[in-house]
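As given, the protein sequences belong to chains A and B, one line each in that order. So the first sequence is numbered by our numbering: it starts at 6 and just counts up by one. So the second sequence is numbered by our numbering: it starts at 212 and just counts up by one.
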Amino acid sequence: MITQPNHVPERLALLSASAVDPFLTEELLKGEQVHGGIDLAKVVESLPDDARWSVEPIRSLVEDAMFEFREDRTRADAWLAPRLHATLRLTRREAADKRLWNHVALAVAPDYVAWRHLSEPTAKRPERRIAPERFRGPADRQCFSRLWWAAELFRNGPDYAPVEVACGNQDLIHTVLRGGLVDHRPTAQALVRLLQNGQVTGGREVNGLSVAINAAGATLIYDVLAPDAPKDPTRLRDWIAEAGSALPVGRHNLPEGPDEDPVPEDSVAALTEYFTELFETAPVRGRKGVD
Amino acid sequence: MTLKIYPYKRLNRPVALRVTSVSLKLSDGTRDQLETTAYSTQQHAVALGIAGHTDWVSATIGLSATLPPGANAPDAAWSDLCVLAVLTDGETNVRTSTALTRDAEDGRDWSGSLEVLRDDHLGRASLAVHAVGTVDGVEGRSIAETDRSWVVDTVSEEPVRGLQLDVQKASFSKSSREWLHPYADVPWIVDVSARVPTVFVNTDVDGIIALLDSSGSGVEGKVRDLLVAQMATDVWTAVFHGAIGELEVEAGGGPVFPDDWQGEVLREMLPDVVPGVHVEEALRQVHRRRTGDSGWVELQTRIHYAAARRADAGKALAYAIRSLEQMNRESET
């Protein structure tokens, strides 16, 4: 398994997808050999001066994750997502720039990408490989951006506890991050609640439920059933401005997110109840009474 | 348009939406009311970059929506009628909504305003309006909606909804973008992996910039238009291939239209690539041909055709030829 590149930059930068290609070698995708870092540093675009772009806190997080979850790599998601989000404080506008995530994956922590996403050998595919989209790909597939966005979409104001629950279910973040379902905050919180109270557990159930919610959503406007409160943009800006003076995120306790208002409880309760009813009649493969 | 069957009564015509004002709140707390040229009813587009502010915090967009006839009928199947403006952005996973209020008690016009936060968007958001009511005891039923969303572009200086290109000039052999070096012997390359498709023009080619910047209407101008049409054909072709190559496939197995400009490009080009079917079906056919055993090679001609049409290549060539003929005639006399 590869280690970090010999040269790891001190600051985050932007790495365009076209510039990524020469570094996404077959050796890297097999997890055998990583670039040295020097040549990659030549093709990045630098970011304006800001304490937020310091690489060290991110490096230290991924190293702790690799140590702590060496026995069970998948579980690292639920631990890393909130901590990455609270360490790398971004607006959604900044986080939508894929060049930033390319840089984290290729220049800062390719060893983490390999550690987390190198496939296990199977009878069908005996060769272990990392999917290129884990380095450079859609926001819900790329190794680090999927975690950041999961944290952003499932946090309830400053509370990251729902993120841990959501990321603890691989099927949930795999299927639900795309398609815009959880862009509506009350929907995201209601889904977490169904997982928490054990009404929805396995992957098939999560899939069945999200198909049912989407189908019902074709004729129902969830924003009316479960209104959200308007967002005050200064809360996030303040939190970002504090990034320079913030302490490193706790390794044992969950950090605190931006001080935004939580989702109105009435809305979460109403949708949880509605989804529960929907789920009881939804076709789920493998469940009794369904082929 | 796909025909949908609803299990309840709805209005069968769309909601009409107009933007009536746009203002920006700047970071120093002041407000700038933008000119009416910031939005276009014909294009269904709003350009928030028009006044050149980069430090704005939020934009307030004034809206007016007219419901189709029948919305207020005394025997209507719905009650608790409300009208909601919904802003979505697939790139930043934003969905915000705001309720509009009825202008007059028995009227069909509703109005209100929507806040767009600068920090929440990188490029374009989409704005739609839904009329919602309680039907047969079910709350939150969609009764009618806009049939064409408005594009809210947080960067653009011009309210247009079509594909926007970024053109960058660089010396390919000396650029600090080292990845351009291997391309030093061609006049331009197209990069569709960036957020917005980008044409890099190689300034190593003597005179290319002067030609591209020329504004004359003479032969030079016609040659420039021809060159631009050629670049645009390349861009449309590359964008189409890029979008088709990265299609997401739904759990059921069918390809999904991308949320961003790639989706717009596909919707625009597919009717020329696979004529005579709905765009959804056209997308399935193209996806099947690319990933299946046969038919992808045969499709290239149609893709090139669709790209050349978008780029107005025929028109540019016709004008260039006519201009050359005129020049020859003048030199003969």
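In this text, a Cβ means the ideal position worked out from N, Cα and C, and glycines have one as well.
Contact list for residue i against chain A, beta-carbon separation under 7 angstroms
{"i": "residue 382 of chain B", "result": "Here the premise fails: no neighbours, minimum Cβ distance about 16 angstroms."}
{"i": "residue 242 of chain B", "result": "Result: empty, since nearest Cβ-Cβ is about 15 angstroms, beyond 7 angstroms."}
{"i": "residue 343 of chain B", "result": "226 and 229"}
{"i": "residue 295 of chain B", "result": "226, 228 and 229"}
{"i": "residue 333 of chain B", "result": "98, 101 and 102"}
{"i": "residue 301 of chain B", "result": "185"}
Simplified DSSP assignment, three categories, for residue i
{"i": "residue 380 of chain B", "result": "strand"}
{"i": "residue 326 of chain B", "result": "strand"}
{"i": "residue 278 of chain A", "result": "helix"}
{"i": "residue 293 of chain B", "result": "strand"}
{"i": "residue 466 of chain B", "result": "strand"}
{"i": "residue 457 of chain B", "result": "coil"}
{"i": "residue 527 of chain B", "result": "helix"}
{"i": "residue 386 of chain B", "result": "coil"}
{"i": "residue 487 of chain B", "result": "coil"}
{"i": "residue 7 of chain A", "result": "coil"}
{"i": "residue 539 of chain B", "result": "helix"}
{"i": "residue 219 of chain B", "result": "coil"}
{"i": "residue 375 of chain B", "result": "coil"}
{"i": "residue 72 of chain A", "result": "helix"}
{"i": "residue 110 of chain A", "result": "helix"}
{"i": "residue 236 of chain B", "result": "strand"}
{"i": "residue 395 of chain B", "result": "coil"}
{"i": "residue 244 of chain B", "result": "strand"}
{"i": "residue 338 of chain B", "result": "strand"}
Sequence-distant residues of its chain with Cβ nearer than 7 angstroms to residue i (five each side left out)
{"i": "residue 104 of chain A", "result": "19, 20 and 21"}
{"i": "residue 329 of chain B", "result": "267, 268, 269 and 365"}
{"i": "residue 212 of chain B", "result": "The predicted model places residue 212 of chain B with a pLDDT of 40, which falls under 50 and marks its position as unreliable, so this point remains unresolved."}
{"i": "residue 228 of chain B", "result": "274, 276, 340, 357 and 361"}
Rounded C-alpha distance that separates residue i from residue j
{"i": "residue 291 of chain B", "j": "residue 224 of chain A", "result": "16 angstroms"}
{"i": "residue 117 of chain A", "j": "residue 74 of chain A", "result": "12 angstroms"}
{"i": "residue 523 of chain B", "j": "residue 432 of chain B", "result": "15 angstroms"}
{"i": "residue 429 of chain B", "j": "residue 243 of chain A", "result": "56 angstroms"}
{"i": "residue 274 of chain A", "j": "residue 159 of chain A", "result": "16 angstroms"}
{"i": "residue 295 of chain A", "j": "residue 203 of chain A", "result": "Only weak support exists for where residue 295 of chain A lies, its pLDDT of 48 falling under 50; the coordinates are left without a value."}
{"i": "residue 84 of chain A", "j": "residue 226 of chain A", "result": "33 angstroms"}
{"i": "residue 123 of chain A", "j": "residue 489 of chain B", "result": "40 angstroms"}
{"i": "residue 336 of chain B", "j": "residue 272 of chain B", "result": "13 angstroms"}
{"i": "residue 180 of chain A", "j": "residue 235 of chain B", "result": "37 angstroms"}
{"i": "residue 334 of chain B", "j": "residue 404 of chain B", "result": "15 angstroms"}
{"i": "residue 223 of chain B", "j": "residue 319 of chain B", "result": "15 angstroms"}
{"i": "residue 233 of chain A", "j": "residue 268 of chain A", "result": "6 angstroms"}
{"i": "residue 137 of chain A", "j": "residue 26 of chain A", "result": "10 angstroms"}
{"i": "residue 71 of chain A", "j": "residue 150 of chain A", "result": "18 angstroms"}
{"i": "residue 451 of chain B", "j": "residue 372 of chain B", "result": "17 angstroms"}
{"i": "residue 443 of chain B", "j": "residue 102 of chain A", "result": "25 angstroms"}
{"i": "residue 143 of chain A", "j": "residue 286 of chain B", "result": "49 angstroms"}
{"i": "residue 548 of chain B", "j": "residue 281 of chain B", "result": "Here chain B covers residues 212 to 544 and nothing more, so residue 548 of chain B does not appear."}
{"i": "residue 536 of chain B", "j": "residue 529 of chain B", "result": "11 angstroms"}
Partner residues on chain B for residue i, Cβ-Cβ distance less than 8 angstroms
{"i": "residue 23 of chain A", "result": "390, 402, 404 and 405"}
{"i": "residue 241 of chain A", "result": "330"}
Beta-carbon proximity list for residue i, same chain, < 6 angstroms, skipping 5 on both sides
{"i": "residue 45 of chain A", "result": "28 and 112"}
{"i": "residue 485 of chain B", "result": "493 and 496"}
{"i": "residue 86 of chain A", "result": "152, 155, 156, 168 and 172"}
{"i": "residue 377 of chain B", "result": "407 and 409"}
{"i": "residue 231 of chain A", "result": "191, 272, 275 and 276"}
{"i": "residue 241 of chain A", "result": "263"}
{"i": "residue 534 of chain B", "result": "430 and 433"}
{"i": "residue 449 of chain B", "result": "401 and 403"}
Residues that residue i contacts on chain B, provided the C-beta gap is smaller than 7 angstroms
{"i": "residue 224 of chain A", "result": "217, 352 and 353"}
{"i": "residue 154 of chain A", "result": "304"}
{"i": "residue 238 of chain A", "result": "268, 269, 328 and 330"}
{"i": "residue 189 of chain A", "result": "306"}
{"i": "residue 47 of chain A", "result": "389"}
Cβ shell of residue i (< 8 angstroms), same chain only, five flanking positions each side left out
{"i": "residue 321 of chain A", "result": "Limits of chain A in this structure are 6 at one end and 296 at the other, which puts residue 321 of chain A out of reach."}
{"i": "residue 356 of chain B", "result": "225, 226, 339, 340, 341 and 342"}
{"i": "residue 219 of chain B", "result": "288, 346, 347, 349 and 352"}
{"i": "residue 237 of chain B", "result": "243, 264, 266, 267 and 268"}
Proximity test, Cβ basis, 8 angstroms: residue i and chain C
{"i": "residue 489 of chain B", "result": "In the displayed structure, chain C is absent; the protein chains listed are A and B."}
Where residue i meets chain B, residues with beta-carbon distance less than 9 angstroms
{"i": "residue 235 of chain A", "result": "307, 309 and 326"}
{"i": "residue 158 of chain A", "result": "304"}
Listed by chain order, chain A residues near residue i by CB distance under 8 angstroms
{"i": "residue 459 of chain B", "result": "143 and 183"}
**Runs of alpha helix (DSSP H) wholly within the stretch 138-212 of chain A (minimum 4 residues, chain order)** = Listed in chain order, the complete alpha helix (DSSP H) runs (minimum 4 residues) inside the stretch 138-212 of chain A are 150-159, 166-172, 175-181 and 190-201.
Original post:
Unbroken alpha helix (DSSP H) runs of length 4 or more, entirely within the stretch 18-69 of chain A: which are they?
Top reply: List check, alpha helix (DSSP H) in window: 22-25, 31-34 and 43-47.
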